[in-house]
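Asker: Numbering (the numbering used here), first residue to last: 4 to 269. Positions of the beta carbon are idealized from the N, C-alpha and C atoms, including for glycine. Can you keep this structure in mind? I'll have questions shortly.
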């Protein structure tokens with residue numbers, strides 16, 4: 004990893020492939036504008052003359068509880084740092100399960116690095132690390148069937164990966180529409196708890212997909228991403244091929260240590 008920790012590697016790749024500061028769906032609060040919906044305490048003129056999302060004046064977001072503007076690269080990079088740290092920590096913790104650790108073993112026949120990068124692959128394709136998806140903000144922060152968090156986990160599948168819950172509780176959640184939605188809400192946000200649960204569920208579902216597609220006659224990553232993304236088959240070319248290509252690109256990447264990574268993770 005060229006001297007990088009796993010967290011630094013994930014963050015470096017997220018910054019490279021996640022295009023921070025370029026999503027018109029990701030916003031940040033403008034504190035000087037206040038929180039009152041009917042009266043902003045700031046200048047609402049466009050930031051620049053170009054007809055680009057980044058130039059638009061602040062607007063009120065009820066979901067975010069204040070006036071917002073398109074997320075800058077600096078704000079996105081700080082958000083990415085928390086995501087990268089939690090993703091790497093979760094992968095490391097799950098790979099240690101069953102080795103004296105008090106948690107359900109993860110059936111991942113690979114390295115911690117490959118698990119982390121497979122997860123990052125899903126995040127890049129499912130959500131692009133967008134702020135609205137991370138928090139589930141309307142109108143596009145949840146999937147068409149209510150899929151939740153950066154890994155866009157299907158509501159009927161989410162409880163299956165909740166290894167911190169007992170079998171009976173998982174089954175109760177799976178049977179109840181209200182409980183499924185409440186569980187989906189618990190995966191949203193920027194706290195280590197919410198992000199960690201999002202990534203744990205996603206990683207466990209990825210590991211199950213890898214095992215399920217082990218004898219499908221396709222490359223393991225192609226089959227795994229096909230089943231995770233499509234939900235029914237180990238052979239979905241539109242999903243398996245594109246995500247497999249991204250995964251191989253991430254595996255081959257050798258980002259160099261740089262001061263930005265250290266500063267963001269400090």
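#1: According to the Cβ coordinates, are residue 13 and residue 121 closer than 7 Å?
#2: Taking the alpha helix (DSSP H) that residue 117 belongs to, which residues open and close that run?
#3: Out of 268, 119, 186, 198, which one is the CA nearest neighbour of residue 134?
#4: Leaving out the 5 sequence neighbours to the left and right, which residues in its chain are closer than 6 Å to residue 140 when beta-carbon positions are compared?
#5: Would a C-beta distance cut-off of 7 Å place residue 206 and residue 97 closer than the cut-off?
#6: With distances taken from CA atoms, which of 166, 242, 88 is nearest residue 129?
#7: I'd like to confirm the pairing. Which residues does DSSP put opposite residue 30 in its beta bridges?
#8: For residue 1, which of helix, strand or coil comes out of DSSP?
#9: According to the neighbour-count rule (16 or more other Cβ atoms, all chains shown, within 10 Å of its Cβ), is residue 181 buried or exposed?
#10: For the alpha helix (DSSP H) containing residue 145, list its first residue and its last residue.
#11: CA-CA distance, residue 254 and residue 77?
#12: Out of 63, 224, 53, which has the shortest C-alpha to C-alpha gap to residue 47?
#13: Starting from residue 265 and walking both ways along the alpha helix (DSSP H), at which residues does that stretch end?
#14: Whole-angstrom Cβ separation of residue 186 and residue 147, contact assumed at under 8 Å?
#15: Inspect the beta-carbon positions of residue 119 and residue 9 and report whether they are closer than 7 Å.
#16: Name the residue from 42, 88, 152, 217 whose alpha carbon lies nearest to the alpha carbon of residue 7.
#17: Measuring straight from C-alpha to C-alpha, what distance separates residue 73 and residue 166?
#18: Distance check for residue 235 and residue 155, CA to CA, integer angstroms please.
#19: Can you tell me which of the three DSSP states residue 62 falls into?
Answerer: In this structure, then:
#1: Indexing the chain shown from 1 puts residue 13 at position 10. Indexing the chain shown from 1 puts residue 121 at position 118. The answer is no: Cβ separation not under 7 Å.
#2: Counting from one through the chain shown, the residue named residue 117 turns up at place 114. It spans 115-129 - the alpha helix (DSSP H) in which residue 117 sits, taken as one unbroken run.
#3: Within the chain shown, the letter at position 131 stands for residue 134. Residue 198 is the option with its Cα nearest to residue 134.
#4: Within the chain shown, the letter at position 137 stands for residue 140. So the list reads 66, once near-sequence residues are dropped.
#5: In the chain shown, residue 206 corresponds to position 203, counting from 1. In the chain shown, residue 97 corresponds to position 94, counting from 1. Cβ distance < 7 Å, so residue 206 and residue 97 count as in contact.
#6: On the chain shown, position 126 is the one that residue 129 refers to. Nearest option by C-alpha distance: 242.
#7: Numbered from its first residue, the chain shown carries residue 30 at position 27. By DSSP's assignment, residue 30 forms a beta bridge with 73.
#8: Look at the range of the chain in this structure, 4 to 269, and you will see that residue 1 is not part of it.
#9: Counting from 1 along the chain shown, the entry for residue 181 is found at position 178. Residue 181 comes out exposed.
#10: In the chain shown, the residue the question calls residue 145 occupies position 142. It is not in any alpha helix (DSSP H) - residue 145 carries neither H nor E in the DSSP assignment.
#11: Translated into positions along the chain shown, residue 254 becomes position 251. Translated into positions along the chain shown, residue 77 becomes position 74. Spanning the two alpha carbons is a distance of roughly 26 Å.
#12: Position 44 of the chain shown holds residue 47. Taking only the C-alpha atoms, the option nearest residue 47 is 63.
#13: Position 262 of the chain shown holds residue 265. From DSSP, the alpha helix (DSSP H) with residue 265 extends over 262-268.
#14: Counted from its first residue, the chain shown places residue 186 at position 183. Counted from its first residue, the chain shown places residue 147 at position 144. Distance from residue 186 to residue 147 at the Cβ level is roughly 18 Å; contact not present, criterion being Cβ atoms closer than 8 Å.
#15: The residue given as residue 119 occupies position 116 in the chain shown. The residue given as residue 9 occupies position 6 in the chain shown. Result yes, Cβ atoms of residue 119 and residue 9 sit closer than 7 Å.
#16: Counted from its first residue, the chain shown places residue 7 at position 4. Closest by C-alpha distance to residue 7, out of 42, 88, 152, 217, is 88.
#17: Position 70 of the chain shown, counted from the first residue, corresponds to residue 73. Position 163 of the chain shown, counted from the first residue, corresponds to residue 166. Straight-line measurement puts the Cα of residue 166 at about 36 Å from the Cα of residue 73.
#18: Along the chain shown, read from residue 1 onward, the residue named residue 155 stands at position 152. Along the chain shown, read from residue 1 onward, the residue named residue 235 stands at position 232. If you take the alpha carbons of residue 155 and residue 235, they lie about 16 Å apart.
#19: The residue you call residue 62 lines up with position 59 of the chain shown. In the structure shown, residue 62 sits in a strand (DSSP, three-state: E or B).
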